[in-house]
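Okay, so here's the structure we're looking at.
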Amino acid sequence: MSTILRTLRNLRSIGLKEYGHQMQYMGDTKRGTFIAMDKYGNKYFENLEEELPLRTRWVDYKDKEFDPSQIEPGWHAWISYNVDLPPSQDKLLQRQARVWEPKEHIPVMTGTRSAYRPYSTTKPKYSAWQPTAAPR
Numbered sequence: 019m020s021t022i023l024r025t026l027r028n029l030r031s032i033g034l035k036e037y038g039h040q041m042q043y044m045g046d047t048k049r050g051t052f053i054a055m056d057k058y059g060n061k062y063f064e065n066l067e068e069e070l071p072l073r074t075r076w077v078d079y080k081d082k083e084f085d086p087s088q089i090e091p092g093w094h095a096w097i098s099y100n101v102d103l104p105p106s107q108d109k110l111l112q113r114q115a116r117v118w119e120p121k122e123h124i125p126v127m128t129g130t131r132s133a134y135r136p137y138s139t140t141k142p143k144y145s146a147w148q149p150t151a152a153p154r
């Protein structure tokens, strides 16, 4: 949570439009240096001076219905502090397009109606009781 002075300083620094955007989608105001944009359109930022430890890096998702699977593996390693250099600067983390990779992001369907549910071919051990009523 921001203090009033920090919020006003961020408002002056990032502008009214970006301030409204951050308050709507993040619930807090942050300012930092733009690091890079990935192939999905997500923007990555870093601020080493004012933020608390382990809160100095953040992502601004392109889609507002976001899930963490929209982050590429190299960027995930950077944003979770596993590596020091972002993939835009580290040659080992830069990914080339592979033939087997999907061209666009496929969202994770777990927890939705479209989630994968396996079909069982084995006979159940127990069967439901079917009551029969005698005719009167």
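Residues 19 to 154 in our numbering are what the sequence shown spells out, letter by letter.
Just so you know, even glycine gets a beta-carbon here, dropped at the ideal spot from N, CA and C.
Beta-carbon separation (whole angstroms), residue i vs residue j, contact threshold 8 angstroms
i     : j      : result
Arg49 : Ile22  : About 15 angstroms separates the two Cβ atoms, so there is no contact after all.
Leu29 : Thr51  : With a Cβ gap of about 18 angstroms, Leu29 and Thr51 do not count as contacting.
Asp85 : Val126 : 6 angstroms
Tyr62 : Ile53  : 4 angstroms
7 angstroms Cβ shell around residue i - same chain, five flanking residues per side excluded
i      : result
Asp108 : Val101
Tyr79  : Asn60 and Gln88
C-beta atoms of residue i and residue j nearer than 8 angstroms
i     : j      : result
Leu7  : Pro120 : Look at the range of the chain in this structure, 19 to 154, and you will see that residue 7 is not part of it.
Asp56 : Trp96  : no
Tyr99 : Leu70  : no
Distance, residue j Cα to residue i Cα
i      : j      : result
Ile89  : Leu26  : 30 angstroms
Glu36  : Glu64  : 16 angstroms
Leu66  : Leu103 : 14 angstroms
Thr128 : Arg135 : 10 angstroms
Residue i beta carbon near the ligand COA (any heavy atom closer than 7 angstroms)
i      : result
Tyr134 : You won't find the ligand COA in this model; it holds no ligand whatsoever.
Residues near residue i by beta carbon distance below 6 angstroms, same chain, minus five either side
i     : result
Gln40 : Thr47
Arg75 : Glu64 and Ile97
Cβ-based neighbour list, residue i, same chain, cut-off 8 angstroms, excluding 5 preceding and 5 following
i      : result
His123 : Tyr58, Ser87 and Gln88
I'd like the ranges of any alpha helix (DSSP H) spanning at least 4 consecutive residues and lying wholly in the segment 65 to 107.
91 to 97
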